[in-house]
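Q: My structure is below; once you've seen it, I'll send some questions.
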Amino acid sequence: MKRVECEFEAEVLDAVFQGRWPEQAGEPLRAHAAQCEICRDVAAVAGAISESREALVAEAALPDASRVWRRSQLRARQEAVQAAGRPITAAQVIAFACAMGLLGAVFGATSTWFQGALGRMASFEAGAMLASASKLLMEHGAFVLSLVAAVFLVPAVFYVALGRE
Ligand SMILES: [Zn+2]
Numbered sequence: 034m035k036r037v038e039c040e041f042e043a044e045v046l047d048a049v050f051q052g053r054w055p056e057q058a059g060e061p062l063r064a065h066a067a068q069c070e071i072c073r074d075v076a077a078v079a080g081a082i083s084e085s086r087e088a089l090v091a092e093a094a095l096p097d098a099s100r101v102w103r104r105s106q107l108r109a110r111q112e113a114v115q116a117a118g119r120p121i122t123a124a125q126v127i128a129f130a131c132a133m134g135l136l137g138a139v140f141g142a143t144s145t146w147f148q149g150a151l152g153r154m155a156s157f158e159a160g161a162m163l164a165s166a167s168k169l170l171m172e173h174g175a176f177v178l179s180l181v182a183a184v185f186l187v188p189a190v191f192y193v194a195l196g197r198e
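Reminder that position 146 of the sequence shown reads as 179 in my numbering, one-by-one numbering, no gaps.
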């Protein structure tokens, strides 16, 4: 019949919980544990319990406030890491496309106006001058509208897109 208990079991247990196992447990007890399955198991299990108990004691020794503070610090750091790794959202892509489209419109309006201004300087005839001036005014109006849109709309679109996060 297999043995289920050992007379040295309690001694091994005491040694582990008092932090004497295995170095200061004494040679006879160590020699016995090397051969005794029960005492080996007791030492292993008690060792694991002792370690986790020490960890619990160390954690409990911290005052509540600093434990809470440390946890919030850890959480903030995790969230910062997650936010940095977050992929660009569809809203941000759309906002960027809108901004690029507006910039393109502004550039297009500007270059048309610029070409018109060059053409106006090239021809000094009064009639052509008048026609080109009215044409310029219309183009200039479009340019101003585009500029206003770019200055006020783009930040607004970005604000909405980012605010929706
Ligand atoms: Zn034993």
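For glycine and all other residues, C-beta sits at the position ideal for the given N, C-alpha and C.
Values in this document were obtained by computation on a predicted structure and should not be read as measured data.
When you measure from the CB of Phe-50 to every non-hydrogen atom of ligand 1, does any distance come out below 7 Å?
A: No, the Cβ of Phe-50 stays beyond 7 Å of every heavy atom of ligand 1.
Q: Excluding the 5 residues flanking Lys-168 on each side, which residues of the same chain have their C-beta closer than 7 Å to its C-beta?
A: So the qualifying residues of the chain are Gly-149.
Q: Considering only the alpha carbon of each residue, which of Leu-195, Phe-50 and Val-45 lies closest to Val-205?
A: Coverage of the chain is limited to positions 34 through 198, which leaves residue 205 absent and any answer about it impossible.
Q: To the nearest angstrom, how far is it from the Cα of Gln-106 to the Cα of Ser-179?
A: Gln-106 and Ser-179: Cα-Cα distance of roughly 46 Å.
Q: For Leu-62, is the classification buried or exposed, using 16 other Cβ atoms within 10 angstroms of its Cβ as the cut-off for buried?
A: Under this definition Leu-62 is a buried residue.
Q: Taking the alpha helix (DSSP H) that Ser-41 falls in, what are its first and last residues?
A: Inspection of the sequence shows that residue 41 is occupied by Phe rather than by Ser. No alpha helix (DSSP H) holds Phe-41; DSSP gives it neither H nor E.
Q: Check the C-beta distance from Glu-42 over to Ile-71 and give it rounded, since I have them as a contact under 8 Å.
A: Yes, Glu-42 and Ile-71 are in contact; Cβ-Cβ is about 6 Å, under 8 Å.
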